[in-house]
Structures are given as structure tokens and as C-alpha cells.
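Here the protein sequences line up with chains H and P, keeping their order. Just so we're aligned: 151 in the working numbering is position 149 of the first sequence, and the numbers increase by one with no gaps anywhere. Just so we're aligned: 122 in the working numbering is position 120 of the second sequence, and the numbers increase by one with no gaps anywhere. C-beta: ideal position from N, C-alpha, C; glycine also.
Number of protein chains: 2
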Amino acid sequence: MVAIDDARTVMTARAARLGLDGARTALLVDHMLDAELRGLSSHGVERVRWLCETARVDPSAHPRELDRSDGYARWDGDGCLGYLALSEILDRELADPPAGARLLVASHCFPTGRLGWYAERVARTGLVALVTATSTARIAHPAGGPPLLGTNPICLALPGDPEPTVIDVSMGRVTYGDVLQAAAAGEPLPEGVSVSANGGGQTDPAEITAGRAGILPFGGGQAHKGFALALMVELLCSALAGTDGHAAVVLLARPRAEPVAGLRELVGGRRFPGDGGRDRRAAANAAGAVEIDAGIWKWLTTG
Amino acid sequence: MVAIDDARTVMTARAARLGLDGARTALLVDHMLDAELRGLSSHGVERVRWLCETARVDPSAHPRELDRSDGYARWDGDGCLGYLALSEILDRELADPPAGARLLVASHCFPTGRLGWYAERVARTGLVALVTATSTARIAHPAGGPPLLGTNPICLALPGDPEPTVIDVSMGRVTYGDVLQAAAAGEPLPEGVSVSANGGGQTDPAEITAGRAGILPFGGGQAHKGFALALMVELLCSALAGTDGHAAVVLLARPRAEPVAGLRELVGGRRFPGDGGRDRRAAANAAGAVEIDAGIWKWLTTG
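Laid out in C-alpha cells, this is it:
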């Protein structure tokens, strides 16, 4: 376990090498530390390393507004790192929030990381946020073939007291983080979570990281439904933003009612989606400490 | 097999008894016949009978506009049958379509039937339509308990030539039509598609039709994802429309690109979501004939 303050300090020092200003560095660190606190380490500190080692980050780039009309604004990432582009677009839109609703479309906006982070920020301003985005193709057709679609999550956040309600569903049967982990360990993936180009069978994770094999959509015997949802996200984002590059789409809307309490009562003692991550973060904050992978911590603190 | 023209004639004669004017009767018949042509008989002629036998239809009711602002319009069904309310709301909004996007919220809007029917109509005008709606609670928590959520489908339609692309995913593992059929035949549902109030086990369909047991969300071992999606729809609709009654939410947006052809090429010879219903309808139209359940046909043509 590492003290959260220490984690933030060393993550900030490392991320500072990307050449971004202090505020934007802090934003990145907040995104990734928040994922780590929620137990989603594949969106956590590991991404700081990934950015430092492989991404080209242009510190001078900012998203650019392309088009604006009734209830609609279209932006382009314009070379800005996706995390920062989507954050800045939301900040600028929320400076003049919609009285009713507004659809935001961001082309060339990648990577965006964990969508719940953005949706939660919007919900803290009193608006409902529905967020979706495309990313690198990982999901294959249930009948086999190469990866065709990103894990294409759909995320909804509603304002709440003391905290927003955030629900985030990705369409993959496993996360790409699971694949990377298996690849690093030299282990095959469990049967039935991936498909080779010819369909079925156990897949070497290296085939997936190389882009030759794909993860199955979630759904078990009804994986065609998970595939249809991932395709829906891909079609929506591409139709609104263009087919070139990855895109994010955000719907902002003014709520008229507070349905969470009533639905929580109906669900009773059963698991309410989103509570796992929220509770893990609360526990980490209460303890002031977070579990960080030893290898990543070593990378953060040395060299 | 019945000639499509004959089916339309007898459905219209029957539905006319609801007391609606000719245009609205034709709209209802078109919705239900379209479902029948697509092989979705649970949204088909059966619903004409259901309306005639159990629904209170107020022929004078029309949806009422409650609120309008930037990119946003909120309506109430106001006692109007959901099918007709949502159709009329869309017709009135499309008479002055958005240059960018518009979010439509319809409270007290039930039943709305097959959402693809509305989304396809919107897409024929050149807009993208994302449609969702709540309905009678059928889906239970994967851990058991009473039905909590509607099957809460999400539907996307994109303009296309010669036809729009329509993808429609409902969050239930089985349809309520399957449940009604099993109940009528006195057969239990297959294991693992439903949950008793205490979780697990085989459920008597009569328990579901009585509202005491529920259908599982789709997802197999990841039914929590299907549940989360159904909950997302419930929260979105209720937050925007109010927690009282069922609601529909429609996002209209102007597309900037045509992504379907490229994605079809990627999917190749594998099944493309939505094509099954589209092809069945095309085949029925080509043959000029549709398969209609003998019992329903007898009801339509006698008495």
C-alpha cells in the first residue's frame, strides 16, 4: 500500500515530463489515480507509463470548435491528447451549460480512458451526462474474424447527494488489461473470451495484442447482443464525428427528477451497478492509501 | 400464409373499433404489421387484440408540449396511447427538424411497442435517431427478487440508401412474448432465463405474468452488465421525464458521415445486427404474404 498523497506526488513528477502545464498534468494524474482508487488499475498508473513511453503528446495542442447550432456542438481533438481534449471541451461547454440539452461530438479524441471520470464531473454540476466513445478495435464478431470494434463503453452519470451515481458498461467480455496481463505472463486466455480469426478455440493473448485475434463481446450465448451494442456505439460516434479516427459523444441534459433513491430501494440489498468502484474509492480515501502494482511503483519512483 | 393486403384490411377493420380516426388507425396497423413482417409477432397482430381487449384508448387524447429550450423538447403523453403519442411527437418535431441535435423526452408515453419502427421513420428523414423507453417491470436483478426494470431497449437508426440501418437491443434474456407463450402452453421456462423471488431455479411463467418473478437480463455469466444497461435506461428516462409512469427518450442528430458501408465491409459475411428482421420483411414484401398465427387470424376475421 502507498499513501495516496505520495502516489499523487510521484505520478505528477513523472507525468510532468510530458511537458504539459501544471493544470493539465494534474488533470491526467487525477484521472489515473481515480481509476487506481476504484480498483481499475488498467486505467490507472499504468497509463502514465504508457503515455510517457509510447504516446506522442503535443503540449501546445487544444481541441478546436468546428460547428455549433441548436443543442449541438462539434469539436475536434486537433492533436490534443484525448483525455485533455475531452476535459477541455466539457469545461468550455459547462461554462455556458444548456438549459435543456446539448449533444457534444468530439472527433479525433483518443485516448479518453475511463468515461465515468468525465460523466461524474458533469453530474457534479447538476446535469445528467451520457458518454460514449470509440477506441482501438479489440472486439471481434461472435462468429470469429479479426477485431472490428472498440470495447465501446456506454456511461451514464446522474447528479446525487453526496455523490453522483455513475454506471459504466463496456461491451467486452474481458478488459484489454486482462489480455495484456495474460500476455505478460505468457498464459493463454480462458476459453470462450476470445476468438481466433477462424472463430472459437483458445487464443494466445499475443494474437490479440498484435491485432490478429479479438475479444468476444459480453453476453455469453447472446454475445450477438453485446456485439450489436458495440456496433451501435461505433455507428453513432462515426456518423456524428466522421469515420476517421476515434471519437467521443456526450449528451448533456437537465434532469427533472431524482430517480436513484427509489431504484436503490427496489434493488434492496442486491448489488447496485457502479457501487463497487465507488465503495473501493471511499475505502481507499478513508485509509489514505492505495494498492499500486510493485513494478509500476518502481518505474514511477526510479529512473 | 396470408396476403399482406388482406392482413392490413382485416387489422384495420378490427383496430377501427378503437374509435381512432383513419390516419391514427393506419399508423397503429402499420406499426404492428411491420413487426409481423419482420417476424416479431409479439409486437404484431397480437397487440391489436391486446389493445382491443384490455387497453383504454381515448381517441380524443393528444400529446402535450410541456417545455422547450435549446436542443430540447419535453412532452407528455397526456392520456394518448403511447404508440400514437410518440408518433405524433416525432411528426411535430420533424416538421421543424434540428440543424444540429435535439433531445426529446416524453413522459406518460406507454406502450410504445417496437422502437425500431420510430427510429426507422426518423432516419428516413435524414437524421440519426437514438431511441429508448421504459415499460412494465419484467427484468429482475441477477441475484433474484421481483421484476424491477422494463426490458428497456436501446435502438439506433441511421439514414441509408436504399434503407436505413436499424439496430435494436433489448436487455432481457428472453422476450415477454416467450413468457406469454410458455404460460399459454403451461410449460416452465428453460432454466436460467428467469429468477424466482429467491433467486435461481426454474420459474413457472405464470409467476412472471403475475409480476412475482422476473426475467434475467441478457449476459449469461455477465448478466450484471445487462442489468446495468437496463438500469441505465430506467435512470435516464426517469431523470429526464419523471419517476411517474413510463417514458420515452429520443435523440435526433444530424449525421456528418456515412459509416455503415465501411463497417459492413469489416463484418464481411458474418451476421450484421438488424439484418435478420430487415431481410424477413423484404422477403415477405416480395412474396406479398405474411405468416400469421392461426388463432390470432381467427380472432381478427370473426366476431
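Practice task
Return the Cβ separation of A259 (chain H) and A250 (chain P) in integer angstroms, given the expectation that the two are a contact with Cβ distance under 8 angstroms.
Solution key: With a Cβ gap of about 15 angstroms, A259 (chain H) and A250 (chain P) do not count as contacting.
Handout entry: R96 (chain H) and T127 (chain H) closer than 7 angstroms at C-beta
Key = Reading off the sequence shown, one finds Leu at residue 96 (chain H), where the question assumed Arg. Yes, Cβ-Cβ distance for L96 (chain H) and T127 (chain H) is below 7 angstroms.
Exercise for the section: Could you name the residues of chain H that Y74 (chain P) contacts, counting a contact when the two beta carbons are closer than 8 angstroms? Expected result: G73, P100, A101, G102, A103, A255 and R256
Handout entry: Under the three-state DSSP convention, the category L218 (chain P) falls into
Key = coil
Handout entry: Buried/exposed call for E209 (chain H), threshold 16 Cβ in 10 Å
Key = buried
Problem - Proximal residues of chain P, C-beta to C-beta of V269 (chain H) below 7 angstroms - result: H143 and L150
Practice task
Can you pull the chain H residues whose beta carbon is under 9 angstroms from the beta carbon of A259 (chain P), in chain order?
Solution key: S240, A241, L242, A243, G244, T245 and D246
Handout entry: Reduced DSSP category for G194 (chain H) - H, G, I as helix; E, B as strand; rest coil
Key = coil
Practice task
Would you mind reading off the limits of the alpha helix (DSSP H) that contains D7 (chain P)?
Solution key: I6 to A17
Exercise for the section: Identify whether I141 (chain H) lies in helix, strand or coil by the three-state DSSP scheme. Expected result: strand
Exercise for the section: Could you list the residues in the segment 202-230 of chain H with a C-beta less than 9 angstroms from some C-beta on chain C, going in chain order? Expected result: Among the protein chains of the structure shown, namely H and P, there is no chain C.
Practice task
Could you pull out every residue in the same chain whose Cβ sits closer than 8 angstroms to the Cβ of T27 (chain H), ignoring the five residues on either side in sequence?
Solution key: T14, A17, A18 and L20
Handout entry: N-terminal and C-terminal residue of the beta strand (DSSP E) that C157 (chain H) is part of
Key = I156 to L160
Exercise for the section: Rounded to whole angstroms, what's the CA-CA distance from E189 (chain P) to D295 (chain P)? Just pull it up for me. Expected result: 19 angstroms
Handout entry: Candidates H:D277, H:V124 and H:G102, of which the one nearest R94 (chain H) by Cα
Key = H:V124
Handout entry: Contact check, G297 (chain P) vs A5 (chain P), beta carbons under 7 angstroms
Key = no
Exercise for the section: Please look up how many angstroms separate the CB atoms of L231 (chain H) and V195 (chain H), rounded, as I've assumed it's under 8 angstroms. Expected result: No, L231 (chain H) and V195 (chain H) are not in contact; Cβ-Cβ is about 17 angstroms, not under 8 angstroms.
Practice task
Measure from the alpha carbon of C239 (chain H) to the alpha carbon of each residue in H:I91, H:D8, H:H33 and H:C111, then state which is nearest.
Solution key: H:C111
Exercise for the section: Answer yes or no: does any C-beta atom of chain P fall closer than 7 angstroms to that of V181 (chain H)? Expected result: no
Handout entry: Distance CB(C82 (chain H))-CB(P65 (chain H)) smaller than 7 angstroms
Key = yes
Practice task
Compute the beta-carbon to beta-carbon distance between L22 (chain P) and P61 (chain P), rounded to the nearest angstrom, for a pair I have assumed lies under 8 angstroms.
Solution key: 5 angstroms
Exercise for the section: Write down the C-beta distance between R116 (chain H) and Y178 (chain H) rounded to the nearest angstrom, noting that I regard them as a contact closer than 8 angstroms. Expected result: About 13 angstroms separates the two Cβ atoms, so there is no contact after all.
Problem - R273 (chain P) versus R282 (chain P): straight-line alpha-carbon distance, rounded - result: 14 angstroms
Practice task
Determine the closest residue to L182 (chain P) out of P:E38, P:D32 and P:S44, with distance taken between C-alpha atoms.
Solution key: P:S44
Exercise for the section: Using a cut-off of 7 angstroms between C-beta atoms, extract the partners of L96 (chain H) located in chain P. Expected result: Going along chain P, no residue has its Cβ under 7 angstroms from L96 (chain H), so there is no contact; the nearest lies around 14 angstroms.
Exercise for the section: Give every residue of the same chain whose Cβ lies closer than 6 angstroms to the Cβ of A243 (chain H), excluding the five residues on either side of it in the sequence, and list them in chain order. Expected result: V107, S109 and A249
Handout entry: chain P contact residues for L237 (chain H), given Cβ-Cβ distances below 9 angstroms
Key = V130, L158, L160, T167, I169, P261, V262 and L265
Exercise for the section: Would you check if the distance between the CB atom of M234 (chain P) and the CB atom of I169 (chain H) is smaller than 7 angstroms? Expected result: yes
Exercise for the section: Let me know the secondary structure DSSP gives R266 (chain P) once reduced to three states. Expected result: helix
Practice task
Reducing DSSP to helix, strand and coil, say where I169 (chain H) ends up.
Solution key: strand
Practice task
Please determine, among P:T211, P:G146 and P:A284, the residue with the shortest C-alpha to C-alpha distance to V197 (chain P).
Solution key: P:G146
Handout entry: Three-state class that DSSP yields for G308 (chain P) in the structure shown
Key = As displayed, chain P neither begins before 3 nor continues past 305, which places residue 308 (chain P) out of reach and without an answer.
Practice task
Could you say which of H:G73, H:I91 and H:T138 lies nearest to D80 (chain H) if we only look at CA atoms?
Solution key: H:I91
Exercise for the section: Compare the C-beta of L302 (chain P) with all C-beta atoms of chain H and state if any pair is closer than 7 angstroms. Expected result: no
Handout entry: Nearest-angstrom Cβ-Cβ length linking L160 (chain P) and P100 (chain P), presumed shorter than 8 angstroms
Key = 16 angstroms between Cβ atoms; not a contact.
Handout entry: Beta-carbon proximity of P207 (chain P) to A184 (chain P), cut-off 7 angstroms
Key = yes
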